[in-house]
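Residue 112 in full-length UniProt numbering sits at position 112 of the sequence shown, and the numbers go up by one each step. C-beta atoms are modelled at their ideal positions from N, C-alpha and C, and glycine is treated no differently.
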Amino acid sequence: MNVSVDMAYKSLNKSGEELCGDKVEIVQTASSKIMILADGMGSGIRANILATLTSKILGTLFVNDLNIEEAVSTIAKTLPVSPINGVAYSTFSILQIFDNKEAYLVEFDNPGCIFIRNGCLQQIPFTKREIEGKEIREFRFQVQVNDAFVLMSDGCIYCGTGDIMNYGWDWNSISTYALKVYAQTNTASHMAALLNKACEDLYLQEPSDDTTIAVARVIEEKTVNILTGPPEDPKDDWKIVRDFMREPGIKIVSGGITSQIVARELHEELVMSVGALDPEIPPMSSIRGIDYVTEGVITLNKVIEILRQYNQEDVPIEVFDELAKSNGAAKIANALIDQCTKVNLFVGKAVNEDYSNKNLPFEITARKNIIHALEDALRALNKNVVLHFY
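Next up, the structure:
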């Protein structure tokens, strides 16, 4: 079984600050995926600089296979020292998960990682050692499908202090809530968003500290395949449909002419929807063997809009209203957010005269712009995107 690691995070700035003093870096290497959460001392610009330097340095060193001793030593020698107390300080948590399912978790002074396996909280048997005067906690282990990990900055365990709770939302309470959220969600981004929202509510929307939740979930690799646009050469109609149908996973066809080509090549009927109409999004169709058949430009532009809004730090509540609709854009967006780790985009390069000047090259046509905007939105959600042009 091929597995994938879904990683996402959400942050709250300390009330009144323009910049967050926490920084998360997600790095893909040839054989692993790494998530780093750094929390700079203090708040505002100074904390942001400390956290950014720490996360960038750690990310670069881990990509180049340096060990934790070299990484901590480099950080100690690099971070700017405060002229007030003479300290250069940033806490951090690092989770590295390899393609062979080996994993490495290391922490310095951040609240402990929450580890969920088989729907239950797990104790982490850390080993401790001192590097450059800092106590480092480490754990090497094998991950399993459906494992989940929650890294956090200390703003999470202080939220609610003095306002709603006497001593804040402690680690045990956060863990219990994380377990509940885990059961309600399928993705790292959704889980991080709900945990982050709980922190914001406990702070009464005025965080007294920078607050960050970073989530990693080990999931079975799932693929969504989207076919849009006729091939540049009509003789390749059969080829684009053949390649599209060969891929496992959810299959989406977007575009009127594209739908006709797919139906013809599959020797199936293209049936128009007779359901409730949406005033903004053209109706869907159906082809036997295809999960969703939609209109092209308008629908895909709406999908991009939804994905961009969903990936904002402060997710507008309207996004969830859009996702709850039954139109083609909502169907595609839900599949891309919740039901995949990889997206194959099969793109025909023929120019649609309805939306573009047919004399323009494909490189500057509307479909090219839409595809690259969709690709960018998907990569921002940490999806693996593969483009196939015809």
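Boundaries (first-last residue) of the alpha helix (DSSP H) holding residue i
{"i": "E265", "result": "G256 to L266"}
{"i": "A380", "result": "A366 to A380"}
{"i": "I240", "result": "D237 to R246"}
{"i": "S55", "result": "G44 to V63"}
{"i": "E70", "result": "I68 to T78"}
Proximity below 9 Å, CB of residue i to CB of residue j
{"i": "I136", "j": "V72", "result": "yes"}
{"i": "E247", "j": "T223", "result": "yes"}
{"i": "L19", "j": "A47", "result": "yes"}
{"i": "L194", "j": "Q184", "result": "yes"}
{"i": "E268", "j": "G289", "result": "yes"}
{"i": "S15", "j": "Y203", "result": "yes"}
{"i": "D99", "j": "S31", "result": "yes"}
{"i": "S43", "j": "D210", "result": "yes"}
{"i": "R217", "j": "N118", "result": "no"}
{"i": "T127", "j": "I219", "result": "no"}
{"i": "K197", "j": "N225", "result": "no"}
{"i": "I287", "j": "A263", "result": "yes"}
Beta-carbon separation (whole angstroms), residue i vs residue j, contact threshold 8 Å
{"i": "F244", "j": "F346", "result": "5 Å"}
{"i": "A330", "j": "E322", "result": "6 Å"}
{"i": "S160", "j": "T212", "result": "One detail in the question is off: residue 160 reads as Gly in this sequence, not Ser. In fact, because the Cβ distance is near 16 Å, the residues do not count as touching under 8 Å."}
{"i": "V63", "j": "A103", "result": "In fact, because the Cβ distance is near 16 Å, the residues do not count as touching under 8 Å."}
{"i": "V106", "j": "I94", "result": "5 Å"}
Three-state class that DSSP yields for residue i in the structure shown
{"i": "Q205", "result": "coil"}
{"i": "K302", "result": "helix"}
{"i": "R137", "result": "strand"}
{"i": "V5", "result": "strand"}
{"i": "S153", "result": "coil"}
{"i": "F126", "result": "coil"}
{"i": "Q309", "result": "helix"}
{"i": "V253", "result": "strand"}
{"i": "K325", "result": "coil"}
{"i": "T211", "result": "strand"}
{"i": "A216", "result": "strand"}
{"i": "S189", "result": "helix"}
{"i": "D338", "result": "helix"}
{"i": "Y104", "result": "strand"}
{"i": "E221", "result": "coil"}
{"i": "L121", "result": "strand"}
{"i": "S15", "result": "coil"}
Closer than 8 Å: residue i CB and nearest the ligand GDP heavy atom
{"i": "F149", "result": "For the structure depicted, the ligand GDP is absent and the ligand set is empty, with no information on it obtainable."}
First through last residue of the beta strand (DSSP E) which encompasses residue i
{"i": "Y89", "result": "No beta strand (DSSP E) holds Y89; DSSP gives it neither H nor E."}
{"i": "L179", "result": "Where L179 is concerned, there is no enclosing beta strand (DSSP E), although the alpha helix (DSSP H) it sits in stretches over W171 to Q184."}
{"i": "S32", "result": "S32 to G40"}
{"i": "I281", "result": "From DSSP, I281 is part of no beta strand (DSSP E); its letter is neither H nor E."}
{"i": "R117", "result": "I114 to R117"}
Counterpart residues of residue i in DSSP-defined beta bridges
{"i": "C199", "result": "Answer by DSSP bridge pairing: none, since C199 is not bridged."}
{"i": "Q144", "result": "Paired residue(s): none; Q144 is not in a bridge."}
{"i": "F320", "result": "BP columns for F320 are empty, so no partner."}
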